[in-house]
Amino acid sequence: MPLDAPRRLIGAALVAMSLIASTSAGVAASPVTLAAGPSVTATALPKATTFTELSGLPQDTDTYGKLSGIVVHPARTVAVYAHPGGKPAATLPAKQLGSQTWVPVVEARKGWYRVLLPSKPNHVTGWIKAKGLEKARSRYRAIVKLATRQLTVMNASKKLGTWTVAVGGPETPTPVGRTFLLALMSPKEKKAYSPLILPLGTHSPTLDTFGGGPGTVAFHGWPDRKVFGKAVTHGCIRVPARALKVLAKLPLGTPVLIAP
């Protein structure tokens with residue numbers, strides 16, 4: 000980023016979560032009614048959102064593996080388990096950041112799905128019951144190669160485009176591994192640095208907070224095209240206008256692979 004960049008741009012390189020801080024209300028642990036089975040009150044379970052850090056749940060060990068494209072959406076809050084049939088460790092809400100919650104499936108067993116979650120630590124997963132979920136398959140995927148600073152968007156085997164992008168700098172790198180499109184946001188400011196922001200289900204590995212939020216990494220545009228091809232961001236992936244339009248049309252939950 001140029002040293003003479005306007006202050007409004009300097010504070011915007013990782014998703015400016017201050018734009019959406021109001022959506023974090025209720026993220027703290029609280030009683031909820033779970034969706035699957037009889038009504039159950041789960042006291043003090045953390046919510047699996049971009050604002051929370053979860054513990055006691057399995058990690059995604061195949062961080063560069065290709066996801067099947069199967070995505071699921073809870074119609075209302077559901078319990079998240081460390082393993083099928085265990086005790087609930089968290090809950091997954093039906094909406095977050097103003098969008099429906101769609102998460103990709105990494106493993107399936109009879110009556111259960113293990114899904115990627117949007118919380119910290121990166122690559123955290125959890126099991127949710129299949130009953131009561133909406134299920135779909137995304138043919139799309141986005142691939143970011145940090146070494147070449149290239150973004151490619153695919154529709155099955157068809158390439159929709161490849162663009163040169165800006166990625167995280169040496170001290171604030173873009174996190175690697177597979178993640179997903181979490182939400183689609185439109186900043187309210189008329190002179191915002193990007194007309195759209197697409198938060199991902201991953202966070203900065205070096206910044207615990209940024210812009211008043213949890214350091215969520217996102218795709219977003221940038222007004223100065225000179226940054227493309229450089230490693231200068233605080234972890235987000237800045238993309239050209241055409242790429243942003245293509246990304247904005249992808250279904251939520253679409254797999255995103257960030258490779259070294």
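Take the sequence shown: its letter number 221 is residue 220 in numbering that gives the first Met the number 0, and every next letter is one higher.
Quick reminder that beta carbons are idealized off the backbone N, C-alpha and C, glycines included.
Rounded to the nearest angstrom, the gap between the Cα atoms of residue 152 and residue 233 is 22 Å. If you check the CB distance, residue 173 and residue 118 do not come in under 8 Å.
The beta carbons of residue 258 and residue 143 sit closer together than 8 Å.
For residue 246, the uninterrupted alpha helix (DSSP H) segment begins and ends at 240–247. DSSP links residue 218 through a beta bridge to 197, 236. In the three-state reduction of the DSSP assignment, residue 224 falls in the helix class. Here DSSP, grouped into helix, strand and coil, assigns residue 170 to coil.
By the criterion of at least three beta-carbon pairs nearer than 8 Å, the stretch 95–102 is in contact with the stretch 242–254. Beta-bridge partners assigned by DSSP to residue 125: 114.
Under the three-state reduction of DSSP output, residue 94 falls in the strand class. Bounds of any beta strand (DSSP E) do not take in residue 138, whose DSSP letter is neither H nor E. Contact between residue 93 and residue 73 holds, since their C-beta atoms are separated by about 5 Å, short of 8 Å. In the DSSP assignment, residue 254 falls within the unbroken beta strand (DSSP E) covering 254–258. Annotated as proximal: residue 115 and residue 124, with beta-carbon spacing under 8 Å. Separation of residue 120 and residue 179 (C-alpha to C-alpha, rounded to the nearest whole angstrom) is 15 Å. Taking the Cα positions, residue 227 is about 26 Å away from residue 156. Put simply, of 176, 224, 69 the residue whose alpha carbon is nearest the alpha carbon of residue 145 is 176. Excluding sequence positions up to five before and after residue 163, its CB lies within less than 7 Å of the CB of 148, 149, 227, 228, all in the same chain and listed in chain order.
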